[in-house]
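Below: the structure, in structure tokens.
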Amino acid sequence: MEEQMLTLEKFEEASETVKKVTLETKLVYSDYFSAQTGNKVYLKPENMQFTGAYKVRGAYYKMSTLTDEERAKGLITASAGNHAQGVAYAAKCFGAKASIVMPTTTPLMKVNRTKSYGAEVVLWGDVYDEACAKAYELAKEHGYTFIHPFDDLTVATGQGTIAMEIVKELPLVDYILVPVGGGGLATGVSTLAKLLNPKIQVIGVEPAGANCLQVSIREGKVTTLPGVNTIADGTAVKTPGSKLFPYLQKNLDDIIAVEDEELVVAFLDMVENHKMIVENSGLLSVAALKHLKVKDKKVASILSGGNMDVITMSSVVQQGLIMRDRIFTVSVLLPDKPGELYRVSGIIAGVNGNVIKLEHNQFVSINRSAAVELRITLEAFGTQHKHQIIDALEKEGYKPRQVRTNI
Numbered sequence: 001m002e003e004q005m006l007t008l009e010k011f012e013e014a015s016e017t018v019k020k021v022t023l024e025t026k027l028v029y030s031d032y033f034s035a036q037t038g039n040k041v042y043l044k045p046e047n048m049q050f051t052g053a054y055k056v057r058g059a060y061y062k063m064s065t066l067t068d069e070e071r072a073k074g075l076i077t078a079s080a081g082n083h084a085q086g087v088a089y090a091a092k093c094f095g096a097k098a099s100i101v102m103p104t105t106t107p108l109m110k111v112n113r114t115k116s117y118g119a120e121v122v123l124w125g126d127v128y129d130e131a132c133a134k135a136y137e138l139a140k141e142h143g144y145t146f147i148h149p150f151d152d153l154t155v156a157t158g159q160g161t162i163a164m165e166i167v168k169e170l171p172l173v174d175y176i177l178v179p180v181g182g183g184g185l186a187t188g189v190s191t192l193a194k195l196l197n198p199k200i201q202v203i204g205v206e207p208a209g210a211n212c213l214q215v216s217i218r219e220g221k222v223t224t225l226p227g228v229n230t231i232a233d234g235t236a237v238k239t240p241g242s243k244l245f246p247y248l249q250k251n252l253d254d255i256i257a258v259e260d261e262e263l264v265v266a267f268l269d270m271v272e273n274h275k276m277i278v279e280n281s282g283l284l285s286v287a288a289l290k291h292l293k294v295k296d297k298k299v300a301s302i303l304s305g306g307n308m309d310v311i312t313m314s315s316v317v318q319q320g321l322i323m324r325d326r327i328f329t330v331s332v333l334l335p336d337k338p339g340e341l342y343r344v345s346g347i348i349a350g351v352n353g354n355v356i357k358l359e360h361n362q363f364v365s366i367n368r369s370a371a372v373e374l375r376i377t378l379e380a381f382g383t384q385h386k387h388q389i390i391d392a393l394e395k396e397g398y399k400p401r402q403v404r405t406n407i
């Protein structure tokens with residue numbers, strides 16, 4: 001059955017099928033990223049799907065190809081997030097029972113969202129690989145039909161419907177940037193894009209700490225990383241799909257690996273300029289924009305999902321502000337006498353700095369009257385303003401030293 005997938009006919013069939021469960025995610029032209037890169041940048045906001053990610057496309061199309069008997073057996077998968085919700089929602093649409101095995105470390109929000117679609121959630125293992133092994137065990141024990149998160153050509157066909165929508169809306173698109181985890185989305189998008197127009201350049205984007213596809217293509221075979229380390233948890237995959245690999249080798253024009261720090265900056269850019277919440281994995285295609293060595297091209301960046309818990313969001317925002325010098329900390333030594341703190345705060349206020357935290361350490365020196373340490377955490381408008389504040393303190397005789405910010 002699967003060998004018949006990834007054809008133009010099947011992509012067209014899938015495109016019509018997934019319309020039953022997807023919202024219309026029209027391209028959003030980005031003035032900000034276009035100005036930053038010198039290209040015409042369009043965003044494909046799959047983070048706005050009902051389940052918060054593109055995954056429902058592949059899950060629903062896969063289920064549509066199953067027999068009534070296969071669906072009646074019950075469906076099972078393993079996932080820590082978006083695929084779990086996609087399968088749970090698709091199963092609900094078909095009136096089928098779904099069991100989802102999720103790692104015990106999965107945020108409660110994602111567990112509850114998956115349960116809300118009527119799925120049974122089994123928490124097992126600390127990482128996806130352990131949860132997946134348990135899902136296979138349960139499938140064998142109960143006769144469930146297993147739906148793989150990515151290494152399935154039918155699922156990949158469903159994911160590729162995104163490319164159909166991009167090309168219909170932007171026929172002269174030059175580049176499509178697509179996040180890569182296991183490779184299902186990249187397989188579908190790159191294969192269909194090449195079928196529609198071989199001139200379209202499709203670039204896969206991985207986190208540098210989980211670049212399993214980049215390594216595999218370099219080695220010429222499916223290669224497993226010894227470990228992964230990235231904040232892009234949705235693409236933290238050690239091994240790309242073996243069924244998908246030949247298609248990825250053939251149809252991807254390049255792979256870009258981006259550092260986690262770039263994702264933090266991209267998150268702030270999206271929130272401030274497009275008022276959109278995009279999860280770290282979904283931001284890979286945004287962070288990769290500045291790595292493209294082209295100008296005046298039409299570029300579509302796929303925002304693959306927006307399922308991000310509030311605690312992670314808060315941490316990313318704080319780190320982004322620190323990285324952009326919007327929040328910073330300086331240490332100054334001053335005599336331990338009345339009025340010194342007032343004087344320092346006056347200097348900062350004089351250049352429009354905003355103090356958000358003070359730490360007063362009287363024990364930095366054995367001679368307390370000669371020097372105590374004052375650590376000041378401030379808000380600034382950016383790097384130039386930060387240096388203006390530091391210069392103002394220096395002119396008044398203080399010797400500010402920038403230190404690590406801990407909010």
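In this note's numbering, the protein residues as written are 1 to 407. In this text, a Cβ means the ideal position worked out from N, Cα and C, and glycines have one as well.
Contact under 7 Å by Cβ, L358 with P45: no
Use the C-beta contact count for V372: other C-beta atoms within 10 angstroms, 16 or more gives buried, fewer gives exposed. buried
Provide the residue span of the beta strand (DSSP E) that contains K298, from first to last. K298 -> beta strand (DSSP E) spans 298-303.
Is the beta carbon of M164 closer than 7 Å to that of S285? no
Just tell me which of I348, Y398, Q362, Y175 has its CA closest to the CA of T377. I348
Per DSSP, which residues does E359 bridge with? Please list them. R375
In chain order, what residues of the same chain have a beta carbon less than 8 Å from the beta carbon of K97, not counting five sequence neighbours either side? G74, L75, A91, E120
Using a threshold of 7 Å, state whether the C-beta atoms of K62 and T154 are closer than that. yes
Is the separation between the beta-carbon of V215 and that of T224 shorter than 7 Å? No; because the gap between Cβ atoms is not below 7 Å, this pair is not in contact.
If you compare alpha carbons, which of H148, Y60, G143, E141 is closest to D129? H148
Whole angstroms is fine: what's the gap from G204's alpha carbon to E394's? 48 Å
Reducing DSSP to helix, strand and coil, say where P246 ends up. P246 carries a helical assignment under DSSP once its states are collapsed to helix, strand and coil.
Quick check on the DSSP output: what are the complete alpha helix (DSSP H) runs of length 4 or more inside the segment 46-109, in order along the chain? 55-65, 68-72, 82-94
Give a yes or no on contact between the segment 134-141 and the segment 109-126, applying the rule of three or more CB pairs nearer than 8 Å. yes
Hey, quick one: how far does the beta strand (DSSP E) through F150 stretch, first residue to last? Boundaries cannot be given for F150, as no beta strand (DSSP E) includes it and DSSP labels it neither H nor E.
Is the CB-CB distance between L195 and L8 below 7 Å? yes
N-terminal and C-terminal residue of the beta strand (DSSP E) that L333 is part of: 327-334
Other residues of its chain near A78: CB distance less than 6 Å, five sequence neighbours each side excluded: Excluding residues within five positions, the ones whose Cβ falls inside 6 Å are V101, A131, C132, A135.
Go to L175, then tell me how far its beta strand (DSSP E) extends in each direction, as first and last residue. Here residue 175 is Tyr; the residue named in the question, Leu, does not match the sequence. Run containing Y175: 175-179, per the beta strand (DSSP E) assignment.
Unbroken alpha helix (DSSP H) runs of length 4 or more, entirely within the segment 261-321: which are they? Those alpha helix (DSSP H) runs which fall completely within the segment 261-321 and span 4+ residues are 284-287.
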